[in-house]
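Here the structure comes first, spelled out in structure tokens, and everything after it is commentary.
In this note's numbering, the protein residues as written are 94 to 476.
Below, the structure written as structure tokens:
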């Protein structure tokens with residue numbers, strides 16, 4: 094059911110690509126040594142995210158040792174889940190994310206298993222999704238949208254196909270709450286829009302999904318046109334950049350040129366922000382979630398679909414800021430992540446993780462500097 098990816102073209106070549114790949118090598122070196130903090134099992138900041146990073150180091154750079162580390166981190170993630178009395182089911186912080194990485198790695202060389210390692214995960218999620226009316230989270234990181242991303246990764250397995258109508262029913266129960274939530278990709282309306290669009294494009298949902306998508310997009314566009322909501326944030330997780338990708342996907346899935354036009358306008362406005370403020374590398378986090386690496390990758394993805402040169406320029410600008418933020422010898426591979434410290438003040442820490450740390454930055458740099466399709470960004474609903 095999954096469509097073959099379009100040819101992926103690197104964002105940069107020559108000296109910029111060499112700098113990006115050198116940063117990846119430094120990240121891989123530091124992540125191969127003792128970690129300063131125990132990462133836990135999950136995808137966002139734990140072993141599952143590290144397994145994903147090392148898998149792409151193997152696939153893109155041909156490093157056999159990276160493949161061995163990917164398997165080791167995935168094994169550690171599974172072990173940690175097994176000893177937890179009540180692990181979270183979320184995509185980014187719980188067992189659904191570990192299972193997504195397991196499934197994703199199984200599609201690559203050397204990770205095929207005769208038995209289905211996620212059979213029990215599917216049974217658990219099916220049980221959860223039968224609860225109605227839905228009282229839990231609806232978002233990508235911790236709730237329904239995230240489980241939809243997992244189910245799509247599992248297709249065409251019968252258990253995954255069984256999840257999708259249940260998931261759609263639970264999403265329909267949450268549409269009023271989503272209309273009142275933020276417009277972002279991580280926790281708000283953009284995430285549900287992008288998921289519904291992907292379900293439609295992959296033939297994984299019936300016409301009721303189109304009706305739900307129309308209701309949600311019309312509501313979001315009405316909110317966006319009547320206020321400046323979303324303008325202050327510039328990130329994958331929140332604001333117009335993430336929303337523009339979701340609207341583009343919805344427009345393509347439903348053949349709505351007006352939605353696609355709105356997406357292009359939002360993306361152009363987001364891409365035009367901070368055109369010359371290179372001193373922002375001192376304050377912007379370099380992370381995927383809310384930082385420069387995520388913006389570069391997002392604009393690169395949008396450019397790959399539309400060919401808009403302004404988005405290509407923005408992607409390269411944010412990549413250069415990501416590279417400029419690197420401080421060799423500090424953090425993980427030269428990268429520190431912005432966090433609120435124990436005393437409540439903002440500060441910078443060494444974060445090895447996927448969503449907010451070095452592993453995610455490394456994945457974005459690999460995608461920018463090489464012609465290998467970054468299929469991992471299905472986790473971000475960007476593919």
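The C-beta atom is built at its ideal place from N, Cα and C for all residues, glycine as well. Values in this document were obtained by computation on a predicted structure and should not be read as measured data.
Thinking C-alpha only, which one of 452, 103, 472, 469 is nearest residue 138? 452
Endpoints, the beta strand (DSSP E) within which residue 433 is located: 430-433
Completely contained beta strand (DSSP E) runs for the stretch 271-338, where each covers 3 or more residues: none
Residue 246: which of 105, 192, 261 sits nearest, CA to CA? 192
Taking only three categories from DSSP, how would you classify residue 109? helix
Taking C-beta to C-beta, are residue 135 and residue 166 nearer than 8 Å? no
Tell whether a beta-carbon distance below 8 Å holds between residue 327 and residue 363. yes
Nearest to residue 392 by alpha carbon, out of 404, 220, 217? 404
Pair within 8 Å by beta-carbon distance, residue 120 and residue 425: yes
Just to check my reading of the structure: residue 347 and residue 305 have Cβ atoms closer than 8 Å, yes? What is that Cβ distance to the nearest angstrom? Approximately 11 Å separates the beta-carbon atoms of residue 347 and residue 305; this is outside 8 Å, ruling out the contact.
Helix, strand or coil for residue 352, going by three-state DSSP, please let me know. helix
In terms of residues, what are the limits of the alpha helix (DSSP H) holding residue 445? For residue 445, no alpha helix (DSSP H) segment is defined, and its DSSP state is neither H nor E.
Which runs of the alpha helix (DSSP H), 4 residues or longer, sit entirely within the stretch 159-230? DSSP runs (the alpha helix (DSSP H)) wholly in the stretch 159-230: 188-199, 212-222.
Locate the alpha helix (DSSP H) running through residue 146, then write down its first and last residues. 140-154
Candidates 467, 430, 168, 406: closest to residue 448 by CA position: With distances taken between CA atoms, residue 448 lies nearest to 430 out of 467, 430, 168, 406.
DSSP beta-bridge partners for residue 92? Residue 92 cannot be examined here, being either before or after the span of the chain that is shown, 94 to 476.
May I ask you to report which of helix, strand or coil DSSP gives residue 465? In this structure, residue 465 counts as coil in the three-state DSSP scheme.
Nearest to residue 387 by CA position, among 450, 400, 367, 439, is which residue? Check the Cα spacing between residue 387 and each of 450, 400, 367, 439: the tightest is with 450.
Here's the rule I'm using: 16 or more other beta-carbon atoms within 10 Å means buried, otherwise exposed. How should residue 483 be labelled? In the structure as shown, the chain begins at 94 and stops at 476. Residue 483 is therefore absent and cannot be evaluated.
Just checking my contact of residue 260 with residue 241 at CB under 8 Å: how many whole Å lie between their CB atoms? 5 Å
Going by other Cβ atoms of all chains shown within 10 Å of its Cβ, with 16 needed for buried, is residue 482 buried or exposed? Because the chain here runs from 94 to 476, residue 482 falls outside it and cannot be looked at.
Beta-carbon proximity list for residue 195, same chain, < 7 Å, skipping 5 on both sides: 167, 210, 211
Assuming residue 122 and residue 416 make a contact with CB atoms under 8 Å, what is their CB distance in whole Å? Between residue 416 and residue 122 the Cβ distance is about 17 Å, and since that is not below 8 Å, they are no contact.
Environment of residue 317 [buried if 16+ CB atoms lie within 10 Å]: Buried: at least 16 other Cβ atoms inside 10 Å.
Start-to-end residues for the alpha helix (DSSP H) that takes in residue 126: First-last for residue 126: undefined, no H or E at that position.
Of all the options 145, 108, 132, 126, which has the alpha carbon lying nearest to the alpha carbon of residue 470? 145
Tell me residue 268's beta-bridge partners as DSSP assigns them. DSSP output for residue 268 lists no bridge partner at all.
Here's the rule I'm using: 16 or more other beta-carbon atoms within 10 Å means buried, otherwise exposed. How should residue 226 be labelled? exposed
Per DSSP, which one or two residues make a beta bridge with residue 398? Secondary-structure assignment with DSSP links residue 398 through no beta bridge to anything.
Please check if any C-beta of chain C sits within less than 8 Å of the C-beta of residue 451. Absence of chain C from the displayed structure is noted, only one protein chain being present.
On the DSSP bridge list, what partners appear for residue 425? 428
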